[in-house]
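Structure record follows, encoded as structure tokens.
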Amino acid sequence: MRDEPTGEQLLDSARNVLREQLMPALPAASRHAALMIANAMSIAMRQLQNGDEPERAELRALEKILLAGDGDGDGDGDGAGEAGTSMRARLKELNRRLSHWIRDGQADAGEIRDAVRAHLVQVARTKVGESNPKYLGNGARTAA
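Quick note on full-length UniProt numbering: the sequence shown kicks off at 1 and runs consecutively.
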């Protein structure tokens with residue numbers, strides 16, 4: 001267990017100081033930059049709160065979709081996964097393969113189309129939930 005304040009708490013405190021004390025003292029020309037910094041800090045806080053679960057959920061969904069399409073879950077039809085790769089590298093690779101599927105028309109019809117559409121909507125909602133939760137209308141950090 002980490003000592004307090006946590007990274008999330010430190011970011012929150014720094015963001016509050018920026019918004020409540022420093023921004024009012026800044027010239028108008030600098031306020032937009034300060035707002036962008038405060039927003040970036042808010043996004044980082046939400047990502048810390050969520051941990052790597054959104055990426056893990058996306059990876060599980062991609063593996064399920066690609067498994068339904070070619071039988072082994074890695075999307076290339078060879079029956080072998082990529083042992084030893086990091087989660088982010090694996091996620092990037094499977095997203096690349098899904099992109100190829102979409103471009104090649106392999107996700108245009110049937111259950112696979114519905115699964116791909118649902119996956120892409122979920123990923124978009126999760127990303128918007130981290131970057132701009134107010135847009136979703138319910139204040140949720142993610143829709144995972």
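Heads up, the beta-carbon is just placed ideally off N, CA and C, and yes, glycines get one too.
Note that the coordinates shown come from a computational prediction; the quantities given were computed from them, not determined experimentally.
- Bounds of the alpha helix (DSSP H) holding Pro133 are 133 to 136.
- With contact defined as three or more Cβ pairs closer than 8 Å, the region 56 to 63 and the region 25 to 37 are not in contact.
- By the neighbour-count criterion, in which a residue is buried when 16 or more other Cβ atoms sit within 10 angstroms of its Cβ, Thr85 is exposed.
- Taking a contact as a CB-CB distance under 8 Å, the pair Arg46 and Glu130 counts as one, their CB atoms being some 5 Å apart.
- Considered as a whole, the UniProt domain "DUF6285" (24 to 135) harbours 28 to 50, 53 to 70, 87 to 103, 110 to 131 as its complete alpha helix (DSSP H) runs of no fewer than 4 residues, in chain order.
- In the displayed model, Glu8 falls within a helix according to three-state DSSP.
- Residue environment: Thr126 is assigned as buried (16 or more neighbouring CB atoms within 10 Å of its CB, all protein chains considered).
- The criterion of a C-beta distance shorter than 8 Å is satisfied by Ala44 and Leu11.
- By the Cβ-count criterion, Gly69 is buried, with 16 or more other Cβ atoms from all chains shown falling within 10 Å of its own Cβ.
- Secondary structure at Arg2: coil, using DSSP grouped into helix, strand and coil.
- Around the CB of Val17, fewer than 16 other CB atoms lie within 10 Å, so the residue is classed as exposed.
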